[in-house]
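Chemist: To start, I am sharing the structure in question, which I have written as structure tokens.
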Amino acid sequence: MAEGIAEAGGSIAVWARNEEKNAHAVKILEDLGIEARSYVCDVSSEENVIATLASTVNDFGRVDGLFANAGRLVQGLHSLRHLWRTGEKLRS
Numbered sequence: 537m538a539e540g541i542a543e544a545g546g547s548i549a550v551w552a553r554n555e556e557k558n559a560h561a562v563k564i565l566e567d568l569g570i571e572a573r574s575y576v577c578d579v580s581s582e583e584n585v586i587a588t589l590a591s592t593v594n595d596f597g598r599v600d601g602l603f604a605n606a607g608r609l610v611q612g613l614h615s616l617r618h619l620w621r622t623g624e625k626l627r628s
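Numbering of the sequence shown is given in our numbering, commencing with residue 537 and proceeding in unit increments.
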């Protein structure tokens, strides 16, 4: 998927809680010639998501897409309410 995004002229922002794993993912992407940056983010925290999104937009200028691959939902779909609100802020 990342290669397809890069072929279309896109860059990749890697969001996850583990800084070392993020750095490893970015290294793999960069070795493929893909521009990538790492952001430590806990998506269970609304404040952390908003701050990380602001950093991502500041670094890349905009966000065109999102691929969520987080762990299992402990509290069900209601636990993603903050992601929905953040998306609403992006669209406004």
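Just so you know, even glycine gets a beta-carbon here, dropped at the ideal spot from N, CA and C.
1) Measure the Cβ-Cβ separation of V631 and V593 and say whether it is below 8 angstroms.
2) In chain order, what residues of the same chain have a beta carbon less than 7 angstroms from the beta carbon of A549, not counting five sequence neighbours either side?
3) Buried or exposed: which applies to L568, given that a residue is buried once 16 or more other Cβ atoms fall within 10 Å of its Cβ?
4) Which of the three DSSP states is assigned to V576 in this structure?
5) Pick from C577, L589 and E539: whose alpha carbon is nearest that of K557?
6) Would you list the residues sitting across from I548 in a DSSP beta bridge?
Modeler: From the atom records:
1) Past the edges of the chain, shown from 537 to 628, lies residue 631, and the structure says nothing about it.
2) R573, Y575, T592 and F596
3) exposed
4) strand
5) C577
6) A572
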